[in-house]
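Novice: Following the working numbering, the numbering of the sequence shown begins with 441 at its first residue and continues without gaps. All residues carry an ideal CB built from backbone N, CA and C; glycine is no exception. None of these values were measured; they are calculated from a predicted model. Structure in structure tokens, see below.
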Amino acid sequence: MGKWLVERRLKQSGVRLRRLRDELGVIDEQLEQLSDEADDMGIRSLVAETPGSSHDYHHAQAHADAMARHRVHVVESIAELERRQDQLLDRLVG
Numbered sequence: 441m442g443k444w445l446v447e448r449r450l451k452q453s454g455v456r457l458r459r460l461r462d463e464l465g466v467i468d469e470q471l472e473q474l475s476d477e478a479d480d481m482g483i484r485s486l487v488a489e490t491p492g493s494s495h496d497y498h499h500a501q502a503h504a505d506a507m508a509r510h511r512v513h514v515v516e517s518i519a520e521l522e523r524r525q526d527q528l529l530d531r532l533v534g
């Protein structure tokens with residue numbers, strides 16, 4: 441692989457890494473909010489003991505769980521991209 445192609449791919453991966461890290465910051469903020477909301481609804485459902493409040497809690501918890509899964513996916517994508525970037529750097533140096 442030519443040096444220019446490796447450099448081009450490194451630049452592309454750098455841009456993608458920045459975007460993913462920015463996205464991870466947003467996800468962390470949203471996850472904190474969703475988790476707090478689910479916790480609040482869980483307490484309300486215990487105090488209220490109504491079927492509707494239990495449904496609200498499960499719905500809020502499902503959103504928090506979905507965001508947590510998305511966070512895992514983004515973290516894995518960052519790790520994979522960093523691994524590829526390391527390989528490209530090895531090619532550039534070697």
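Over what stretch of residues does the alpha helix (DSSP H) that includes Glu477 continue unbroken?
Specialist: Glu477 -> alpha helix (DSSP H) spans Lys443 to Ala488.
Novice: So for Gly492, helix, strand or coil by DSSP?
Specialist: It is helical.
Novice: With 16 as the cutoff for other CB atoms within 10 Å, does Ala478 come out buried or exposed?
Specialist: Counting Cβ neighbours within 10 Å, Ala478 comes out buried, since at least 16 surround it.
Novice: Could you say if the stretch 469 to 486 and the stretch 497 to 506 meet the contact criterion of at least three C-beta pairs nearer than 8 Å?
Specialist: Yes, they touch.
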